[in-house]
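Peer 1: Mind having a look at this structure? Questions to follow.
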Amino acid sequence: MTTPPPKRRSPKQRALEVLARVKALYPDAKCSLDFETPVQLLIATILSAQCTDERVNKVTPELFRRFPDAAAIASADPLELEDLVKSTNFFRNKAKNIQAACRRIMEVYGGEVPQTMEDLLTLPGVARKTSNVVLANAFGINLGVTVDTHVKRLSYRLGLTKHTDPVKVEQDLIKLLPRPDWENWSIRLIYHGRAVCNARKPDCDRCELADLCPSAGKAVMLPETGSSEKKLARAIATETAKTTRNRKSSAKA
Ligand code: SF4
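What follows is the structure, encoded as structure tokens:
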């Protein structure tokens, strides 16, 4: 039987070919957040929502020097925590969540980050994306596919999902990819998204996946964002409005 041309292959065949190519393109790709312990990775991942990993890596050295573990963060002065993470966007919510997550880790899990999806999802500020990152990169456990903004965009453009809600994108990818490669997929698509297939101007002319990609040369933008992103965007808007109001009232006082 002859193999069909790349763009006419089934989504599974194309997903496996994309996987092989991004593995070859980015052989040394790894999680780009700096951490030494599972709790530090958990905190860095919470801080990375709506913020670049580069920015988070600038903030965490001092944060982890002052508060190296769950016990220290659980008992930290909340204002000091806010101050340390304030350049990461939406910092009040993030500071509140990392402290509440560390308190629960101390009270319920004996100071250790739990290693099941079910338990991780009980921590404040932790959804499936954060759980998948922590399970895969701190414990080597593949329980799901991490779907961040790059993975969502590239999987959509590559025609491997019709969804934009991260939970639905993840379910589609789980059906297409071998389990041991779930995190390999995410980490490498993040690299490719940053290097070639960026949100506004994908560089299809120099993309090594172009022959497999139904969006090549079409600059396909994502339709409406998924529900969890909308929730996050609303939270950021509320916090920004609150900060502006506070600034105005302190200026008047
Ligand atoms: S061909 Fe273009 S749209 Fe498709 S993955 Fe490459 S850069 Fe992105």
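For the sequence shown, the positions run 843 to 1095 when my numbering is used. Think of the CB as a built atom: it goes at the ideal place given N, C-alpha and C, for glycine as much as any other residue. Here the structure is a predicted model, which means the values were calculated and not measured.
Taking the continuous alpha helix (DSSP H) assigned at valine 989, which residues delimit it?
Peer 2: Element bounds for valine 989: n/a, residue is neither H nor E.
Peer 1: Relative to the C-alpha of lysine 1017, which residue among His1034, Asp911, Tyr868 and Arg856 is closest?
Peer 2: The shortest C-alpha separation from lysine 1017 is found at Arg856.
Peer 1: Using a Cβ-Cβ cut-off of 6 Å (strictly less than) and excluding sequence neighbours within five positions of glutamine 1129, which residues of its own chain qualify?
Peer 2: Here the chain has residues from 843 to 1095 only, and residue 1129 is not among them.
Peer 1: Going by the C-beta, is arginine 1036 closer than 7 Å to any heavy atom of the ligand SF4?
Peer 2: Checking every heavy atom of the ligand SF4 against the Cβ of arginine 1036, none is found closer than 7 Å.
Peer 1: If you reduce the DSSP assignment to three classes, tell me which class cysteine 1046 lands in.
Peer 2: Correct three-state label for cysteine 1046: helix.
Peer 1: From this set, Thr964, Val927, Phe933 and Asn979, which residue's C-alpha is nearest arginine 908's C-alpha?
Peer 2: Checked all of Thr964, Val927, Phe933 and Asn979; the closest Cα to arginine 908 is Val927.
Peer 1: Give the C-beta separation of cysteine 944 and alanine 912 to the nearest angstrom, bearing in mind that I take them to be a contact with Cβ-Cβ under 8 Å.
Peer 2: The pair is a contact, with the Cβ atoms about 4 Å apart (cut-off 8 Å).
Peer 1: Which residue comes first and which comes last in the alpha helix (DSSP H) that contains histidine 1034?
Peer 2: It spans 1024-1037 - the alpha helix (DSSP H) in which histidine 1034 sits, taken as one unbroken run.
Peer 1: How would you call proline 847, buried or exposed, if buried means at least 16 neighbouring beta carbons within 10 angstroms?
Peer 2: Proline 847 should be labelled exposed.
Peer 1: As a quick exercise: from Glu949, Met959 and Asp1047, pick the residue whose alpha carbon is nearest that of isoleucine 987.
Peer 2: As written in the sequence, residue 987 is valine, which differs from the isoleucine given in the question. Selected option, being the one with the closest Cα: Met959.
Peer 1: Spatial neighbours of glycine 1068 within its chain, please: C-beta separation below 6 Å, excluding the five flanking residues on both sides.
Peer 2: With a pLDDT of 48 at glycine 1068, under the threshold of 50, the predicted position of this residue should be treated as unreliable, though the coordinate-derived value follows. Here the set comprises Thr1006, Asp1007 and Pro1008.
Peer 1: Who are the Cβ neighbours of proline 956 in its own chain at under 7 Å, not counting the five residues just before and after it?
Peer 2: If we look at proline 956 and ignore the five residues flanking it on each side, its Cβ neighbours are Leu962.
Peer 1: Look at the Cβ atom of proline 1056, then the Cβ atom of lysine 854, and state whether they are nearer than 8 Å.
Peer 2: Their beta carbons are not under 8 Å apart, which means proline 1056 does not touch lysine 854 by this criterion.
Peer 1: With three or more C-beta pairs closer than 8 Å as the rule, is the stretch 987-999 touching the stretch 936-952?
Peer 2: At 8 Å Cβ cutoff, the stretches do not touch.
Peer 1: Compute the Euclidean distance between the alpha carbons of proline 903 and serine 852, then round it to the nearest angstrom.
Peer 2: Roughly 45 Å separates the two Cα atoms.
Peer 1: Please give the ranges of any beta strand (DSSP E) in the stretch 891-970, keeping only runs that are unbroken, at least 3 residues long and fully inside the region.
Peer 2: Runs of the beta strand (DSSP E) inside the stretch 891-970: none found.
Peer 1: Is the beta carbon of leucine 910 within less than 7 Å of some heavy atom of the ligand SF4?
Peer 2: Note that residue 910 corresponds to proline in the displayed sequence, not to leucine. The answer is no for proline 910.
Peer 1: Taking the straight line between their C-alpha atoms, what separation do you get for valine 860 and leucine 1054?
Peer 2: When rounded, the distance between both Cα atoms is 8 Å.
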